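Residue numbers (the working numbering): -4 to 557.
Data first, discussion second: the structure below is written as structure tokens.
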Amino acid sequence: MERKWWKEGVVYQIYPRSFYDTNGDGIGDLKGITAKIPYLKELGITIIWLNPIYASPNDDNGYDISNYQAILQEFGTMEDFEELLSKLHKAGIKLIMDLVVNHSSDEHPWFLESKSSEDSPYREYYIWKKSNQDGGEPNNWRSFFSGSAWQLDETTGEYYLHLFSKKQPDLNWENEKLRHEIYQMMQWWFEKGIDGFRMDVINLISKVEGLPSAGKDKVGFDGLAWGGEYFVTGPRTHEYLQEMHREVLSKYDAMTVGETCDVTPEDGVLFTGKDRDELNMIFQFEHVNLGQGKEGKWTPKPWKLTELKEIMDKWQTKLHGKGWNSLYFNNHDQPRQVSKFGDDKVYRKESAKMLATYLHTLEGTPYIYQGEEIGMTNVYFEELKHYKDLEILNKWEEIKQTGSLTEKELLEGVHVNGRDNARTPMQWNANRHAGFTTGEPWLGVNPNYAVINVEEALKDKDSVFHYYKKLLELRKKHLIMAYGQYELLLKEDEQLYVYTKTLEEERWLVLLNFSNQKVLFERPRQLQLMRQELILSNYKVDEKEVLEKNILKPYEARIYRI
Ligand code: ISL
Ligand code: CA
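What follows is the structure, given as structure tokens:
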């Protein structure tokens, strides 16, 4: 096992817009993060990942960048950033930034230049095409945010590609000049002292030459098609990442995590393999995409524990000794984990602790998304108009035209999977707007803040927060949590998730009840117990209770040394 700080650390993800507002404009800011360093320190995290804080027209909350080397005014100044970074480092916390370079904003000077004329030196910074023979879009690709992935620009009469919103034109990575501009910009941030990058949709940067239309069999209700085969982990992806590593990453003790959709563990080994010189780890999506129906996330359906086991087991075993996993259940794009994978009503605390026990005992680096550590839940706004996310709003426009879902059906889907579930303001206390702002918050707070908030969690010794704190302390003491090899038991069980962890002579057993019922655990015969020492549990357990036939309470979690 090769020890690394980014393997042993625990990452805390901050969505700055919703974290803490210090000037009453209803928008979280950098000073707000600095103010909360003592809180983060107490929790015990060692790395922070910040969602984009760069200059942006905010079509997609900062994922549309108009200046990669300036701070979004609403968030503060470059001085505020420098102060944050130096205070984090003083507190022993590292900082990784979001790198969004599959696309920029359409208001980036590169794009303004690029669209001005076919002869612009910046033309080749983006992906331009003439219309097809019928005068329509160059191909049939659907964008991630509904509608065609192409937008006609009047100035030159050509279309530009945007896999996301039309204000997020895709950068042309085929262009070496563009690539080197990006490497220089990354270097500039490293020289400022940051510790790494989370790379947005980094496996979309290489597109298949000619940008062919997807097959007729892929065309959907909107006449468009998912063109993933032509841009997901395209032909030059690994070449670009190796070049980036050579030019920039290899010069720093950097942490990198790539956001990669539609990847297999085999891809995972290619992206994160020790000798590949690409990335340290990736975010894969298979487990968070569980339970999607005919219109994907908008039409949720039940998922089974055996499906989750199959996915996670595959990633755990196939990357062991070869690559490295990142461990997460939620982030700024996903519903709250306790709502999706646990129970956000009766067993909110129990299931939040159980899920934490799971993620923090798998092999890999765990990520905590802000508010997860106090068990924040999905928000169930009563009308679509209360949501702000363009993914939701674009889908709403789309269904008005296609009629593929009713408004009520869409609202139900949004309640389960909408991205704003994760983006409601952090709940600090029971005061107005959860203590997030003295003004009007940019997105409504979750009405449950009177019960679920940081102040409450700090007071209650039995809170989700204090359980996370214990887990993080344990992780600092016991290398087996990060590095131990995972082995699944009771593969077919639909309620219990049981596995062992092994590191040299050390062996742990993790017992998790993923259901809201009492479940009988019968010790599998192949599981030998040399000893039985309870390390952590989310209910009171009689330490003398012998592991043989035991009743596990709803969402119970136990870790034993055996
Ligand atoms: O959120 C999703 C599910 O509908 C994804 O499709 C998501 O858009 C995808 O994972 C890419 O996410 C990243 O890039 C987007 C940005 O909107 C997301 O917030 C970001 O995490 C475009 O930059
Ligand atoms: Ca503010």
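Using N, Cα and C, we set each Cβ at its ideal position, and we do this for glycine too.
On a predicted model such as this, the values are computed, not experimentally measured, just so you know.
Starting from residue 185, trace the alpha helix (DSSP H) in both directions and tell me its first and last residue. Counting along the chain, the alpha helix (DSSP H) containing residue 185 begins and ends at 171 to 187.
Got a sec? Which residues, its chain only, sit under 6 Å from residue 400 by beta carbon, not counting five neighbours each side? 394.
May I ask you to check if the CB of residue 121 is nearer than 7 Å to at least one heavy atom of ligand 1? Closer than 7 Å to some heavy atom of ligand 1: that does not describe the Cβ of residue 121.
Which full runs of the alpha helix (DSSP H) of 4+ residues lie inside the segment 439 to 467, going along the chain? If only complete runs of 4 or more residues are kept, the segment 439 to 467 shows the alpha helix (DSSP H) at 449 to 454, in order along the chain.
Look at the Cβ atom of residue 140, then the Cβ atom of residue 385, and state whether they are nearer than 8 Å. The Cβ atoms of residue 140 and residue 385 sit closer than 8 Å to each other.
Residue 165 bridges to which residues according to DSSP? Per DSSP, 98.
Does the count of Cβ pairs from the segment 177 to 191 and the segment 235 to 246 closer than 8 Å reach three? A contact exists between the segment 177 to 191 and the segment 235 to 246.
Roughly how many angstroms lie between the CA atoms of residue 143 and residue 9, to the nearest whole one? If you take the alpha carbons of residue 143 and residue 9, they lie about 31 Å apart.
If contacts are defined as beta-carbon pairs under 8 Å, then residue 243 and residue 194 qualify, I think. What distance do you get, rounded to the angstrom? The beta-carbon separation of residue 243 and residue 194, rounded to 12 Å, does not stay under the 8 Å limit for a contact.
My understanding is that residue 117 touches residue 164, with C-beta atoms under 8 Å, so please give their C-beta distance in whole angstroms. The Cβ separation is near 11 Å, so there is no contact.
To the nearest angstrom, how far is it from the Cα of residue 372 to the Cα of residue 283? Distance between the alpha carbons of residue 372 and residue 283: 16 Å.
For the segment 526 to 534 against the segment 544 to 553, do three or more pairs of beta-carbon atoms, one drawn from each stretch, fall closer than 8 Å, so that the two count as touching? Touching, yes.
Does the Cβ-Cβ distance between residue 493 and residue 505 come in under 8 Å? Yes. Within cutoff.
Beta-carbon separation of residue 159 and residue 55 under 8 Å? Yes, these two residues count as a Cβ contact at 8 Å.
Taking the alpha helix (DSSP H) that residue 412 belongs to, which residues open and close that run? Residue range 402 to 412 is occupied by the alpha helix (DSSP H) that includes residue 412.
Mind listing, in chain order, the residues whose beta carbon lies closer than 5 Å to a non-hydrogen atom of ligand 2? In chain order, the qualifying residues are 16, 18, 20, 22, 24.
Assuming the contact rule is C-beta atoms closer than 8 Å, residue 405 and residue 379 should be a hit. Round their C-beta distance to whole Å, please. Cβ atoms of residue 405 and residue 379 come within 8 Å of each other, at about 7 Å.
Could you say if the segment 60 to 78 and the segment 32 to 39 meet the contact criterion of at least three C-beta pairs nearer than 8 Å? They do not touch, by the three-pair rule.
Please confirm whether residue 375 and residue 410 have their CB atoms less than 8 Å apart. Yes, these two residues count as a Cβ contact at 8 Å.
At a threshold of 7 Å, does residue 159 count as lining ligand 1 (C-beta to nearest heavy atom)? Within the cutoff, so yes.
Alpha helix (DSSP H) containing residue 33: first to last residue? Residue 33: member of the alpha helix (DSSP H) spanning 32 to 38, first to last residue.
Helix, strand or coil at residue 65 [DSSP, three-state]: Strand at residue 65.
So what does residue 19 bridge to, in DSSP terms? Answer is none; residue 19 lacks a bridge partner.
So, at 6 Å on beta carbons, what are the nonlocal neighbours of residue 278 in its own chain, with the 5 sequence-adjacent residues on each side left out? Non-local C-beta neighbours of residue 278 in its own chain, meaning closer than 6 Å and more than five positions away in sequence, comprise 254, 321, ordered along the chain.
Own chain partners of residue 157 with C-beta closer than 7 Å, once the 5 adjacent residues on each side are dropped: Within the same chain, residue 157 has close Cβ partners 98, 138, 144, 146, 163, 164, 165.
Could you check what DSSP says for residue 50 in three-state terms: helix, strand or coil? Of the three classes helix, strand and coil, the one that applies to residue 50 here is strand, per DSSP.
Leaving out five residues on either side along the sequence, give the residues of the same chain with a beta carbon under 7 Å from the beta carbon of residue 431. The answer, listed in chain order, is 15, 16, 420, 421, 423, 440.
Outcome for residue 503 when other beta-carbon atoms lying within 10 angstroms are tallied against a minimum of 16: Around the Cβ of residue 503, a 10 Å sphere holds 16 or more other Cβ atoms; the residue is buried.
Helix, strand or coil at residue 568 according to DSSP, with G and I counted as helix: No answer is possible for residue 568: it lies beyond the span of the chain, which begins at -4 and ends at 557.
Using 8 Å as the threshold, is the segment 218 to 225 in touch with the segment 183 to 198, meaning 3 or more CB pairs across them? Touching, no, given that fewer than three Cβ pairs across the two stretches are closer than 8 Å.
Which same chain residues end up closer than 7 Å to residue 435 when comparing Cβ atoms and leaving out the 5 residues on each side of it in sequence? Excluding positions up to five away in sequence, the list reads 21.
C-alpha gap between residue 202 and residue 0, whole angstroms: So the two alpha carbons sit approximately 34 Å from each other.
Determine, using beta carbons only, whether residue 267 and residue 310 come nearer to each other than 8 Å. No, they are not a contact pair.
Below 7 Å, is the gap between the Cβ of residue 139 and the nearest heavy atom of ligand 1? Yes, the beta carbon of residue 139 sits closer than 7 Å to at least one heavy atom of ligand 1.
So does residue 386 have its beta carbon nearer than 7 Å to some heavy atom of ligand 1? For ligand 1, a non-hydrogen atom lies closer than 7 Å to the CB of residue 386.
Own chain, CB closer than 7 Å to residue 72, minus 5 neighbours either side, in chain order: Excluding positions up to five away in sequence, the list reads 66.
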